[in-house]
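Structure, as structure tokens:
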Amino acid sequence: MLVAAFTWGDLWRLALAVFLLFREWFERWTTEIAITNRRIILKRGFIRRDTAEMHMDKVESVDVSQSVFGRLLGYGEVTVRGTGAGLETLRLIDAPVEFRNHVKTHQPEGTA
Numbered sequence: 021m022l023v024a025a026f027t028w029g030d031l032w033r034l035a036l037a038v039f040l041l042f043r044e045w046f047e048r049w050t051t052e053i054a055i056t057n058r059r060i061i062l063k064r065g066f067i068r069r070d071t072a073e074m075h076m077d078k079v080e081s082v083d084v085s086q087s088v089f090g091r092l093l094g095y096g097e098v099t100v101r102g103t104g105a106g107l108e109t110l111r112l113i114d115a116p117v118e119f120r121n122h123v124k125t126h127q128p129e130g131t132a
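Heads up: the sequence shown begins at 21 in this note's numbering, then just goes up one per residue.
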């Protein structure tokens, strides 16, 4: 007869893993990113809402950073740099290269 014995330490590790997984899922679920022909919009949060907008004519560069696992699994970090003090980092987004290409496509002529 084979009996699986779980210790309290195992249960705490399992509970911690479930909590961290839920927290990341919830953050992803409550984050919205949109690219229009006029601006980039980032909204984060559920009860407390943080919103960042940057007009397309103010975008200087879009930098993509991906780890090895990020390249294999298709996620990464995108940093949008704007004129002046504008700097916004979008963390753990799907298809970051595609995101950068959309931004470059929607930039006004002469700024890309």
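Think of the CB as a built atom: it goes at the ideal place given N, C-alpha and C, for glycine as much as any other residue.
Does DSSP put Ala115 in a helix, in a strand, or in coil? coil
Spatial distance of Ser85 from Ala25 (CA atoms): 43 Å
List, from N- to C-terminal side, the beta strand (DSSP E) runs of 3 residues or more that fit wholly inside the region 32–79. 52–55, 59–64 and 70–75
The beta strand (DSSP E) enclosing Gly102, as first and last residue numbers: Tyr95 to Gly102
Please classify Ile67 as buried or exposed, where buried requires at least 16 other C-beta atoms within 10 Å of its C-beta. exposed
How is Thr17 classed by DSSP in three states: helix, strand or coil? This structure cannot speak to residue 17, because the chain is shown only from 21 to 132.
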